[in-house]
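Undergrad: Position one of the sequence shown corresponds to residue 67 (my numbering), numbered consecutively onward.
Here a beta-carbon is modelled for each residue, glycine too, at the ideal position from N, C-alpha and C.
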Amino acid sequence: MKLNLRSVDLNLLPVFDAIMEAGQLSRAADSLGMSQPAISAALQRLRHTLGDPLFVRTHQGMVPTPRARELHRSLSQQLGAMRDTLDPANRFVPGTSQRRFRVLSNDYFEMVVLPTLLTRLRSEAPNVVVEVALAGDDMPQRLYTAEADLAVDAFATENDRLRRQVLLAERLAVVARQDHPNLQTDCSKQQFLDAEHVVLPDRNRRLPLDQILNEPGWQRRTGARVTQFASMLATCSRSDMIATVPERLAQQYARAFGLKTLPFPVEVPPLPVYLLWAPVMDSDPAHEWFRQHLMESVTG
Numbered sequence: 067m068k069l070n071l072r073s074v075d076l077n078l079l080p081v082f083d084a085i086m087e088a089g090q091l092s093r094a095a096d097s098l099g100m101s102q103p104a105i106s107a108a109l110q111r112l113r114h115t116l117g118d119p120l121f122v123r124t125h126q127g128m129v130p131t132p133r134a135r136e137l138h139r140s141l142s143q144q145l146g147a148m149r150d151t152l153d154p155a156n157r158f159v160p161g162t163s164q165r166r167f168r169v170l171s172n173d174y175f176e177m178v179v180l181p182t183l184l185t186r187l188r189s190e191a192p193n194v195v196v197e198v199a200l201a202g203d204d205m206p207q208r209l210y211t212a213e214a215d216l217a218v219d220a221f222a223t224e225n226d227r228l229r230r231q232v233l234l235a236e237r238l239a240v241v242a243r244q245d246h247p248n249l250q251t252d253c254s255k256q257q258f259l260d261a262e263h264v265v266l267p268d269r270n271r272r273l274p275l276d277q278i279l280n281e282p283g284w285q286r287r288t289g290a291r292v293t294q295f296a297s298m299l300a301t302c303s304r305s306d307m308i309a310t311v312p313e314r315l316a317q318q319y320a321r322a323f324g325l326k327t328l329p330f331p332v333e334v335p336p337l338p339v340y341l342l343w344a345p346v347m348d349s350d351p352a353h354e355w356f357r358q359h360l361m362e363s364v365t366g
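#1: Residues in the same chain with beta-carbon distance under 8 Å from phenylalanine 121, minus the five sequence neighbours each way, listed in chain order, please.
#2: Could you compute how far the alpha carbon of valine 169 sits from the alpha carbon of phenylalanine 82?
#3: Evaluate contact between the region 190-209 and the region 243-251, counting only Cβ atoms and requiring at least three cross-stretch pairs below 8 Å.
#4: Note down the Cα distance separating alanine 352 from tryptophan 343, rounded to an integer number of angstroms.
#5: Mark threonine 301 as exposed unless 16 or more other C-beta atoms lie within 10 angstroms of its C-beta, in which case mark it buried.
#6: Considering Cα atoms alone, identify which of Thr211, Trp355, Ala239 and Asp219 is closest to arginine 230.
#7: Helix, strand or coil, according to DSSP, for threonine 251 in the structure here?
#8: Exposed or buried, lysine 326, counting other C-beta atoms within 10 Å across all chains shown (16 or more means buried)?
#9: Tell me whether arginine 93 sits in a helix, a strand or coil according to DSSP, three-state version.
#10: Please state the DSSP three-state secondary structure of arginine 304.
#11: Please identify the residue among Met100, Leu259, Ala222 and Asn280 whose C-alpha is closest to the C-alpha of aspartate 268.
#12: Nearest to phenylalanine 356 by CA position, among Phe158, Glu87 and Val265, is which residue?
#13: Looking at arginine 243 and glycine 161, is the spacing between their C-beta atoms short of 9 Å?
#14: At the level of alpha carbons, what is the spacing between isoleucine 113 and leucine 78?
#15: Taking glutamine 144 as the reference, give the member of Val194, Gln90 and Leu76 with the closest Cα.
#16: Measuring CB to CB, does glutamate 236 end up less than 9 Å from leucine 337?
#17: What residue range is occupied by the uninterrupted alpha helix (DSSP H) comprising threonine 115?
#18: On the CB-based measure, 16 or more other CB atoms within 10 Å of its CB, does alanine 201 come out buried or exposed?
#19: Kindly list the residues whose CB is nearer than 7 Å to the CB of methionine 361, restricted to its own chain and excluding five residues on each side of it in sequence; keep chain order.
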């Protein structure tokens, strides 16, 4: 049967930690500003709760049992983290932080932004971790509840409960394999419409590209529908299909996939990619630090 945490007085844990560090009840009492009888009573309660003597009194002081050593290994780091978190004077220190930042996006972020971002972060904060999760229709809710720190998305949500900032502006490009039989150095509108396309799944929202390609006379011939940009590039590299992708993505990976990058058939204004977060994060220095590095990773 698992221990019921409600039966544990968490105030006893700092006492246990102090005895482990001091090795004597009197020193532990001094470090906590408690009397020695109060420390002894706290130790007795902890022994009863955990069913272990925890310490054996010797001439050399209080010697911890194997169970006490195991507990201390698990608890000491967590107690230190709690003290740091609850300390009003605590500020984010990149060099020692083990913060885990969670970003909602798609593989565009992973392929275009993340490699440069990680290089920047590692030079200043070697122990922070960046996790990327797929952004879906529940993205706003996941930001409100702090399940994620940020979202990177081309959809400009009008929700007033979210902060938004333009991260970068992307142009559209067409990619095709290097020896594509019908495309050389450019792609006309007719060539674009005649070709088979690799496309991403339909979504419940209209992005700028969707608006263009749903205008009369712009219906594409869909040859394959895939889940991510990397699959679009791979499919084009091994077939006569073409794809419309962000220009940065095409420029960074065309050579690796054996592709050529062609201008979109007509002039299209740059499309913004947004950085989104919940206002509650504005007061978090770690979040502000991460946002700043993310912005700088795409601006140079």
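TA: Let me spell this out:
#1: Locating residue 121 in the sequence shown gives position 55, counting from the first residue. Cβ neighbours of phenylalanine 121 beyond the five flanking positions: Ile85, Leu109, Met128, Val129, Pro130, Thr131 and Ala134.
#2: Position 103 of the sequence shown, counting from 1, holds the residue named residue 169. Position 16 of the sequence shown, counting from 1, holds the residue named residue 82. In a straight line, the C-alpha of valine 169 is about 38 Å away from that of phenylalanine 82.
#3: No contact exists between the region 190-209 and the region 243-251.
#4: By 1-based counting over the sequence shown, the position of residue 352 is 286. By 1-based counting over the sequence shown, the position of residue 343 is 277. Going from the Cα of alanine 352 to the Cα of tryptophan 343 covers about 13 Å.
#5: Residue 301 sits at position 235 when you count from the first residue of the sequence shown. Around the beta carbon of threonine 301, 16 or more other beta carbons lie within 10 angstroms, which makes this residue buried.
#6: Residue numbering aside, residue 230 sits at position 164 when the sequence shown is read from its first letter. Ranking the options by Cα distance to arginine 230, first place goes to Asp219.
#7: By one-based count along the sequence shown, residue 251 stands at place 185. Correct three-state label for threonine 251: coil.
#8: For this step, residue 326 is matched to residue 260 along the sequence shown. With 16 or more Cβ atoms within 10 Å of its Cβ, lysine 326 is classed as buried.
#9: Within the sequence shown, the letter at position 27 stands for residue 93. Here DSSP, grouped into helix, strand and coil, assigns arginine 93 to helix.
#10: As a first step, residue 304 is located in the sequence shown; it is residue number 238 there, counting from the start. Note: arginine 304 maps to coil in three-state DSSP.
#11: Along the sequence shown, one-based indexing puts residue 268 at 202. The candidate whose alpha carbon is nearest that of aspartate 268 is Asn280.
#12: As a first step, residue 356 is located in the sequence shown; it is residue number 290 there, counting from the start. For phenylalanine 356, the closest C-alpha among the options Phe158, Glu87 and Val265 is that of Phe158.
#13: As a working note, residue 161 is residue 95 in the sequence shown. As a working note, residue 243 is residue 177 in the sequence shown. If you check the CB distance, glycine 161 and arginine 243 do not come in under 9 Å.
#14: Here residue 113 corresponds to residue number 47 of the sequence shown, with the count starting at 1. Here residue 78 corresponds to residue number 12 of the sequence shown, with the count starting at 1. Checking the sequence, you will find arginine at residue 113 rather than isoleucine. Near 10 Å, if we compare the C-alpha coordinates of leucine 78 and arginine 113.
#15: Taking the first residue of the sequence shown as 1, we reach residue 144 at position 78. Checked all of Val194, Gln90 and Leu76; the closest Cα to glutamine 144 is Leu76.
#16: Translated into positions along the sequence shown, residue 236 becomes position 170. Translated into positions along the sequence shown, residue 337 becomes position 271. Between glutamate 236 and leucine 337, the CB-CB gap stays under 9 Å.
#17: By one-based count along the sequence shown, residue 115 stands at place 49. 102-116 is the span of the alpha helix (DSSP H), which, as asked, contains threonine 115.
#18: Numbered from its first residue, the sequence shown carries residue 201 at position 135. Classification of alanine 201: buried, given that the 10 Å Cβ count is 16 or more.
#19: Position 295 of the sequence shown, counted from the first residue, corresponds to residue 361. The answer, listed in chain order, is Leu233.
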